[in-house]
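Let me begin by presenting the structure, written as C-alpha cells, before commenting on it.
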Amino acid sequence: MVDVDLYDMQILTTQEVDLAQVSYVKEIKSQNTYLKYGLLVSGVLICGLILYLNHNNRKRNIT
Numbered sequence: 017m018v019d020v021d022l023y024d025m026q027i028l029t030t031q032e033v034d035l036a037q038v039s040y041v042k043e044i045k046s047q048n049t050y051l052k053y054g055l056l057v058s059g060v061l062i063c064g065l066i067l068y069l070n071h072n073n074r075k076r077n078i079t
C-alpha cells in the first residue's frame, strides 16, 4: 500500500511559477522544433544523395 501525504501535495501545488522559467521553457521547445525539422530535412537530403550516387554507380557499371 502506498502512503500519500496530502500536506506535501498541497504545498507543491500552491507554489507560483516564475514567468522567466516559463518563457525559457517555451524558447527551448521552439529550438527543439527547429532542431527536429532540421535533422529531418538533412536526413532526407543525405538519403537522397546516397540513392542518387548509388544509381549513377550502377549505370556506369552496366555500360
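Counting in our numbering, the sequence shown runs without a single skipped number right up to 79 at its last residue.
Where a beta carbon is used, it is the ideal one built from N, C-alpha and C, also for glycine.
Computed from a predicted model, the values in this text were never measured in an experiment.
Identify, in the order they occur along the chain, each residue of the same chain with its Cβ nearer than 6 Å to the Cβ of residue i, setting aside the five sequence neighbours on each side.
i: Leu8; result: Because the chain is modelled from 17 through 79, residue 8 falls outside the range shown and cannot be assessed.
Please return the same chain residues whose Cβ sits closer than 8 Å to the Cβ of residue i, not counting the five positions on each side in sequence.
i: Tyr68; result: none
Check whether the Cβ of residue i sits closer than 7 Å to any heavy atom of the ligand NAD, and report yes or no.
i: Gly64; result: Questions concerning the ligand NAD fall outside what the structure shown contains, since it holds no ligand whatsoever.
Take residue i and list the residues in its own chain whose beta-carbon comes closer than 7 Å to its own, dropping the five residues that flank it on each side.
i: Arg74; result: none
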